[in-house]
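In the numbering used here, the protein residues as written are 419 to 848.
The beta carbon of each residue, even a glycine, is placed where N, CA and C say it ideally should be.
The next block holds one structure in the form of structure tokens; read it before the comments.
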Ligand code: CMC
């Protein structure tokens with residue numbers, strides 16, 4: 419069957435045809451790679467509003483329908499039937515593991531959770547009051563200085579061991595960032611605990627006492643990890659791909675992803691959302707706050723609302739809302755002030771024409787901050803938790819890119835609006 423084409427009419431009246439490729443689902447793409455070569459024109463798309471930067475088989479989002487699939491599986495089913503490491507296996511291998519594959523995978527991850535003792539000493543170089551994300555960017559980037567035995571990105575075995583090391587060591591590195599910030603001793607990982615229970619013990623345990631694992635809370639955090647594991651070509655994933663496209667090592671690429679994730683429009687949103695709730699303070703102030711959000715001159719946004727892709731309820735937000743109820747019930751916090759405030763804010767925003775007409779719905783971060791706060795995770799650690807989970811998606815996307823036959827260094831062009839060529843005058847004549 420002949421491939422579909424799209425025809426572009428140029429300013430001089432000439433036309434040019436471009437092939438249109440179909441994915442397995444979702445919008446077709448116009449392949450404009452030949453545009454510059456044939457016409458001398460670039461496309462202009464700041465923020466990549468209409469640009470597919472790669473082809474991928476990992477994650478699919480239908481933003482209008484509120485659908486999120488990892489390797490074809492709906493996020494709701496994965497959140498219900500799988501644990502985070504099964505989801506990591508799925509993202510990396512394309513299929514869910516059977517029991518034997520899962521045991522093997524879990525075993526390898528478990529046996530890579532320790533970090534080099536010298537890496538632990540690296541933390542001493544950071545100020546105690548540094549933001550944990552600043553520490554994360556530095557420490558994860560530094561992993562490449564510790565594991566240069568396996569940095570050949572063209573060697574599949576090196577790529578696999580790097581993926582295992584990153585997924586396994588992130589909980590250790592995140593919890594060390596926390597312990598360092600509060601001046602408590604680092605906790606070594608324990609191999610008899612699950613991935614998430616081990617992380618919670620490293621975060622909240624102390625050497626003087628036995629840490630008691632609460633299964634409801636472990637399951638809630640594991641769900642947060644699952645919901646944040648991948649999200650298609652978002653800003654941080656695109657950053658990882660772009661950094662990796664030059665052949666940079668995976669630890670450097672993931673550190674770049676962490677830096678991008680830190681921003682309040684991306685992974686920093688749940689931190690910003692909780693700060694916003696604290697600032698509003700009380701249900702009686704919601705109307706006044708919504709008024710500010712609608713005033714374009716105020717620069718205030720309703721954090722945890724809106725998404726570049728979802729123009730419907732974010733499916734992850736629905737699951738997070740459910741988890742929020744479970745955690746608050748388990749901890750006897752159902753009357754939590756901020757949770758009540760969030761519910762009131764959500765109700766008003768979902769009925770207000772400003773939000774309805776712009777299709778602004780709660781995103782995953784609207785509730786994940788409240789859940790994390792209830793689990794005892796300090797606000798400044800929220801984005802670190804996100805980076806731990808997203809490492810699975812970043813490394814899967816990085817692997818996919820390296821093995822893609824169409825893989826090229828990422829090199830966008832620009833619409834130049836600066837000065838045209840001019841002569842430099844000696845300093846006394848300017
Ligand atoms: N509060 C108030 N107005 C908003 C909001 C918001 N949260 N989000 C978008 N708008 C308005 C915006 O002012 C614009 O209005 P108008 O058409 O009158 O100019 C319209 O909605 C479209 O906004 P946009 O900025 O063009 O949309 P975008 O796709 O570029 O931005 C976003 C997406 C997530 C950056 C934005 O919605 C936002 O800043 N939300 C708050 C931050 C947040 O919760 N981020 C977490 C995203 S989910 C986690 C993740 O995947 O990382």
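{"Check": "Start and end residues, alpha helix (DSSP H) containing residue 746", "Outcome": "733-748"}
{"Check": "Residue nearest to residue 602 in terms of C-alpha spacing, selected from 608, 622, 535", "Outcome": "622"}
{"Check": "Of the residues 760, 676, 686, 833, the one placed nearest residue 464, counting alpha carbons only", "Outcome": "833"}
{"Check": "Beta carbon shell of ligand 1 at less than 6 Å from a heavy atom", "Outcome": "649, 652, 683, 684, 685, 687, 711, 719, 720, 721, 722, 723, 724, 725, 726, 776, 778, 781, 782, 783"}
{"Check": "Inter-residue CB distance, residue 527 and residue 585 (contact presumed, cutoff 8 Å)", "Outcome": "6 Å"}
{"Check": "CB of residue 359 within 9 Å of CB of residue 534, strictly", "Outcome": "Not covered by the structure: residue 359. The range shown for the chain is 419 to 848."}
{"Check": "Classification of residue 467 by the beta-carbon crowding that lies within 10 angstroms, buried from 16 upward", "Outcome": "exposed"}
{"Check": "Residues of its chain near residue 513, where Cβ-Cβ distance is below 6 Å and the 5 sequence neighbours each way are ignored", "Outcome": "none"}
{"Check": "Span of the alpha helix (DSSP H), counted from its first residue to its last, around residue 499", "Outcome": "493-499"}
{"Check": "Alpha-carbon to alpha-carbon, residue 721 and residue 772", "Outcome": "15 Å"}
{"Check": "Within 9 Å, strictly: CB atoms of residue 493 and residue 486", "Outcome": "yes"}
{"Check": "Residue environment, residue 688, which counts as buried when at least 16 other CB atoms sit within 10 Å", "Outcome": "buried"}
{"Check": "Counted within 10 angstroms of its Cβ, other Cβ atoms place residue 815 as buried (16 or more) or exposed", "Outcome": "buried"}
{"Check": "Contact the region 627-642 vs the region 789-808: 3+ CB pairs below 8 Å", "Outcome": "yes"}
{"Check": "CA-to-CA distance, residue 581 to residue 696, given in whole angstroms", "Outcome": "38 Å"}
{"Check": "Limits of the unbroken beta strand (DSSP E) element including residue 437", "Outcome": "433-439"}
{"Check": "DSSP bridge partner residues for residue 447 (one or two, in chain order)", "Outcome": "439"}
{"Check": "Distance between beta carbons of residue 673 and residue 555, contact taken as under 8 Å", "Outcome": "5 Å"}
{"Check": "Cβ neighbour criterion (16 or more within 10 Å) applied to residue 420", "Outcome": "At residue 420 the pLDDT is 47, less than 50, meaning the model places this residue with poor confidence and gives no usable figure here."}
{"Check": "Helix, strand or coil at residue 420 [DSSP, three-state]", "Outcome": "Confidence is the limiting factor: at residue 420 the pLDDT is only 47, short of 50, which leaves the residue's position unreliable, though a coordinate-based value still follows. Coil, per DSSP."}
{"Check": "Cβ-based burial, residue 459 [other Cβ within 10 Å; buried from 16]", "Outcome": "exposed"}
{"Check": "Sufficient close CB pairs (3 or more, under 8 Å) joining the region 729-741 to the region 489-505", "Outcome": "yes"}
{"Check": "Own chain partners of residue 723 with C-beta closer than 8 Å, once the 5 adjacent residues on each side are dropped", "Outcome": "767, 773, 778, 779, 780, 781, 784"}
{"Check": "Residue 578, DSSP secondary structure in three states", "Outcome": "helix"}
{"Check": "Stretch pair the region 799-819 + the region 644-663: three plus CB contacts closer than 8 Å", "Outcome": "yes"}
{"Check": "Endpoints, alpha helix (DSSP H) assigned at residue 503", "Outcome": "502-511"}
{"Check": "Beta-bridge partners of residue 626, as assigned by DSSP", "Outcome": "Per DSSP, none; premise fails for residue 626."}
{"Check": "Buried versus exposed, by CB contacts within 10 Å (16 or more), residue 668", "Outcome": "buried"}
{"Check": "Spatial neighbours of residue 728 in its chain, beta-carbon cut-off 7 Å, leaving aside the 5 residues before and after", "Outcome": "481, 484, 779, 781"}
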